[in-house]
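One structure below.
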Amino acid sequence: MPEAVIVSATRSPIGRAHKGSLKDLRPDDIGAQIVRAALAGVPALEPSEVTDLMLGCAQPAGEQGYNLGRMTALRLGLDTVPGTTIQRYCSSSLQTTRMAFHAIKAGEGDAFVSAGVEMVSRFGKGKADGMPESRNPVYAEAADRTARRAAGASFGWADPRATGELPDVYIGMGDTAENVARLFGVSRREQDEFAVRSQQLAEAADTRGFWDRDITPITLPDGSVVTTDDGPRKGVTLEKVSALKPVFCPDGTVTAANCCPLNDGAAALIVMSDRRAAELGITPLARIVSTGVSALSPEIMGLGPVEAGRQALERAGLTAGDIDLFELNEAFAAQVIPSVRQLKADPERVNVNGGAIALGHPFGMTGARITTTLIHALQERDGQFGLEAMCVAGGQGMAMVIERLS
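Residue numbers 10 to 415, in this note's numbering, belong to the letters of the sequence shown in order.
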């Protein structure tokens, strides 16, 4: 059975949504630039040999509609390369990598593009995104429960599956973070300390040039070039972060500093069969060992990495102690902290270059971005195994184990 290997991995800089460096770019344009760069990383592979271009996008509407994956292939002049757009919210481009992994294992192709794009700045910019209210009213009572908690009513959360109630499937992500913080006793100070760690580690990585490994410069419509992330914020201190007020409920612990911002960006991987890579003389960066996907109540979606991570580890025949580096998406400090504890991950091996709190979280991009960062971090530290995991809106989790090969 063939092995699935990653032979190229890159990402754009990450821009702040609405006011940042990438806000004037269309999603198909940035997607084309980053896929072109990923393909350029393996010149021995003819782009026409790609079996499928699979692109993750959390909000595939408006400018991100019309099957952004196929639009990206056409934007590159790859008329004979199929394209699809996959939506699994925050793990959309981890899902595309999983699909490439499965296809190669099944013998249904030798070369795939796994990409992800999210341009939050461009939401609402196209004719196709005028959408009426689409929420199913059967969830109104569940939404009312969330509103009462946010207003400061007694917490009293119980898993809807145990009470026979419907979960709040439309719950805001900040509310889920508050739920997890209260359920697992994650204090405001712990969250703030984690957020400061993320900013400081990301800034240190920038200082030593680590992000140059990850980033492909992006050309804007005016011809200027963006080479660096808009974040992290320099000089962040616990004192400054501690002064911020909660943003989701009056007596809450989640602030603008201890969760990720809204962002723009794109990332892409080239995933091949080890057989074809060897025939072309391509040295793989990493092998995809295993993946996992899980589900839980949407109201505590932040714990999604736990079961998904356990699945991926078990399928790989590994334990948390075998993992050299962990990359857990930092949607909220409130959910990363208990996820790390339940996975029994060594905190010193988690997000060693900071994470989404500092860098940002362009939803559809994040899965492929984290893979790119994890590969480069394993190279820098001479590690062998890495685990990436993330929570997913709607009450899900995804994870993947990779083994560095070069």
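Beta carbons: idealized from backbone N, C-alpha and C, even for Gly.
- Membership of Leu337 in any alpha helix (DSSP H) is not indicated; the residue belongs instead to the beta strand (DSSP E) covering Leu334 to Leu337.
- Taking a cut-off of 8 Å for Cβ pairs, the segment 174-189 and the segment 208-216 do not touch, as fewer than three such pairs fall below it.
- With a beta-carbon spacing of about 19 Å, Gly369 and Met310 fall beyond the 8 Å limit used to define contacts.
- The beta carbon of Glu212 sits closer than 7 Å to those of Pro241 and Lys243, all from its chain and outside the five residues before and after it, given in chain order.
- Taking the Cα of Gly326 as reference, the smallest distance to any Cα among Asp168, Thr236, Asp260 and Phe394 is reached at Phe394.
- The alpha-carbon of Leu253 is positioned some 10 Å away from that of Asn267.
- A straight-line Cα-Cα distance of about 13 Å links Asp238 and Arg222.
- Within the DSSP bridge table, the entry for Leu62 names Gly92 and Val122 as partners.
- Partner residues in the beta bridge of Leu278, as assigned by DSSP, are Ala18 and Ser123.
- With fewer than 16 neighbouring CB atoms inside 10 Å of its own CB, Gly330 falls in the exposed class.
- In this structure, Leu337 places its C-beta atom within 8 Å of the C-beta atom of Ala398.
- About 4 Å separates the CB atoms of Gly92 and Ala82; that is less than 8 Å, so the two are in contact.
- In the assembly as shown, Gly406 is a buried residue. Its beta-carbon has 16 or more other beta-carbons within 10 Å.
- Approximately 19 Å separates the beta-carbon atoms of Arg97 and Val345; this is outside 8 Å, ruling out the contact.
- Here the alpha carbons of Glu117 and Phe193 stand approximately 44 Å from one another.
- Taking the Cβ atoms as the reference, Ser30 lies roughly 5 Å from Val235, within the contact range of under 8 Å.
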